[in-house]
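**Student:**
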Amino acid sequence: QIEAGQLTLDNTSVTIRELTHEAIDIHSQNAAEKGLLLNYHIDPQTPEQIIGDQKRLRQVLLNLIGNAIKFTDQGTVSVVVRRLPNNNGRETLEFLVQDTGVGIAKKLLPIIFEPFVQADFSPSHNLMGSGLGLSICKKLVTMMGGEIWVKSSLNSGTEFCIHLELQLSEQNKDSLVATPANQQQLMTQQIRKSTSLLLVEDNPVNQTLITELLQLHGYKITTADNGFMALELLKNSEFDAILMDIRMPGIDGFETTRRIRSLSINRAFTTPIIAFSAEKTDETADFCKKAGMDDIILKPIDLAQLDRVLEKLLVNKKTH
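Residue 211 in the numbering used here is what sits at position 211 of the sequence shown, and the numbering runs on without skipping anything.
Below, the structure is given as structure tokens:
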């Protein structure tokens, strides 16, 4: 259809969070089977809805996320969506698809969006395909009036970036002026800037990714590689909240939480603790509650959900 000039774009209202979550959800099983952390983050400044072609934008995201999973053997695949600052009266919506995979050889970067070009020819990756996916992505993004490019090098992961001119739907135009919701958002940002978090996570890749994303939010992050290290840190430092991985070697998140709740120093026994879990069954939630945890976040991490949980706990804490 594209080559024959028969493809037309459908400009309708696109719900950004729903679109991104759906693209992540479709690929979640593939990522889980490879042991990859697959997550996404939508910056709070991003409007809820824009005008665009939801089907084609979804197609582009699905292709980029699928490629990222295909060429990543360990680590993470993440999607970031954000609204860029106003530039000469034009606003931009940015999509980033990042992975920790095999990367792309420098010589292929100038031609990677051409038809029938594939990124990886290494013997360790016997992956077949037409090589048409990125070419179609490029053409669809161009038809939308946007740009797409790639940053990568061999063995250093890959980042695909899409810029689209932002067209707000009618119900989002009012968000450009001061509203109670925007004032609440400003208050939340102030809370983040004054908040210190202890992240207890034994996987170094997950630890790095979560730390970077939370720092982008404005939080101050201290990391602990395991439960023992967390307990030592809490003897000499105070934190506003603790993010606790459940499955860790040595002492797991449940036992670490029980020991924290028994501490009588530095008010650690009252610090909000949020669990990270790959499953959120009634049994897991019950274990978390009995151990003394305040809430639970499901993996792969929905950072918007994490934001809401942190804000709820921190606002309650800071207003008491």
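Yeah, the Cβ is synthetic: ideal placement off N, Cα and C, and Gly gets one too.
So the candidates are ILE246, VAL309, ARG261 and HIS217; which of them puts its Cα closest to the Cα of LYS235?
**Tutor:** ARG261
**Student:** Look up LYS280 in the DSSP assignment and say whether it is helix, strand or coil.
**Tutor:** Of the three classes helix, strand and coil, the one that applies to LYS280 here is coil, per DSSP.
**Student:** Could you have a look at ARG247 and say whether DSSP puts it in helix, strand or coil?
**Tutor:** If DSSP states are grouped into helix, strand and coil, ARG247 belongs with coil.
**Student:** Only counting the same chain, and skipping five residues up and downstream in sequence, which positions put a Cβ closer than 8 Å to that of GLY302?
**Tutor:** According to the sequence as given, residue 302 is Asp; it is not Gly. Answer for ASP302: HIS21, ASN39 and TYR40, listed in chain order.
**Student:** Compare the Cα-Cα distances from PRO44 to each of VAL81, ASN30 and ASP99 and report the closest residue.
**Tutor:** VAL81
**Student:** Can you look up GLU159 in the DSSP assignment and give me helix, strand or coil?
**Tutor:** Of the three classes helix, strand and coil, the one that applies to GLU159 here is strand, per DSSP.
**Student:** Would you mind sorting ILE246 into buried or exposed? The rule is 16 or more other CB atoms within 10 Å of its CB.
**Tutor:** It counts as buried.
**Student:** DSSP has GLY52 in a bridge; who is on the other side?
**Tutor:** THR12
**Student:** Can you find the residues in the same chain that come closer than 7 Å, C-beta to C-beta, to LYS193, ignoring five residues on each side of it along the sequence?
**Tutor:** GLY218.
**Student:** Helix, strand or coil for PRO85? Go by DSSP, reduced to three states.
**Tutor:** strand
**Student:** Report the CB separation of PRO249 from ASN226 in whole angstroms; it is logged as a contact under 8 Å.
**Tutor:** The Cβ separation is near 7 Å, so the contact holds.
**Student:** Considering only their Cβ atoms, is the gap separating LEU306 from LYS280 smaller than 8 Å?
**Tutor:** No, they are not a contact pair.
**Student:** Who are the near neighbours of GLY35 in its chain, counting only those whose CB is closer than 8 Å to its CB and skipping five residues on each side?
**Tutor:** GLN74
**Student:** Could you give the residue range of the alpha helix (DSSP H) that holds ALA230?
**Tutor:** 227-236
**Student:** Sorted by chain position, which residues of the same chain lie with C-beta nearer than 7 Å to LYS106's C-beta, five sequence neighbours on each side aside?
**Tutor:** So the qualifying residues of the chain are SER153.
**Student:** Determine the burial state of LYS70: buried for a count of at least 16 other Cβ atoms within 10 Å of its Cβ, exposed for fewer.
**Tutor:** Burial state of LYS70 is buried, judged by a 10 Å Cβ sphere holding 16 or more other Cβ atoms.
**Student:** Go ahead and label ARG56 buried or exposed: buried means 16 or more other beta carbons lie within 10 angstroms of its beta carbon, across all protein chains shown.
**Tutor:** buried
**Student:** Output yes or no for whether 8 Å exceeds the beta carbon distance between LEU199 and THR211.
**Tutor:** yes
**Student:** In the DSSP output, which residue or residues are listed as bridge partners for HIS41?
**Tutor:** Checking the DSSP bridge columns, you'll see HIS41 partnered with VAL80.
**Student:** Just confirm the distance between the C-beta atoms of ILE50 and LEU140, as a whole number of angstroms; I'd bet it's less than 8 Å.
**Tutor:** About 16 Å; that fails the 8 Å criterion.
**Student:** Give the single residue among THR100, ASP10 and GLN207 whose Cα lies nearest to the Cα of ASP53.
**Tutor:** ASP10
**Student:** For ALA31, which residues of its own chain have a beta-carbon under 8 Å away from its beta-carbon, when the five flanking residues on both sides are left out?
**Tutor:** LEU37, LEU38, ILE69, VAL77 and PRO300
**Student:** Give the range of the beta strand (DSSP E) segment to which SER152 is assigned.
**Tutor:** 147-152
**Student:** For GLY133, count neighbouring C-beta atoms within 10 Å of its own C-beta (all shown protein chains included) and say buried if the count is 16 or more, exposed if not.
**Tutor:** buried
**Student:** Determine which residues share a DSSP beta bridge with THR222 and list them.
**Tutor:** THR222 is bridged by DSSP to LEU198.
**Student:** For THR100, which of helix, strand or coil comes out of DSSP?
**Tutor:** coil
**Student:** Which residues bound the alpha helix (DSSP H) around LEU213?
**Tutor:** 204-217
**Student:** Check each candidate in ILE112, GLY66 and LEU84 and name the one with the smallest Cα separation from VAL97.
**Tutor:** GLY66
**Student:** In the DSSP assignment, find the beta strand (DSSP E) that holds ILE296 and state where it starts and stops.
**Tutor:** 295-298
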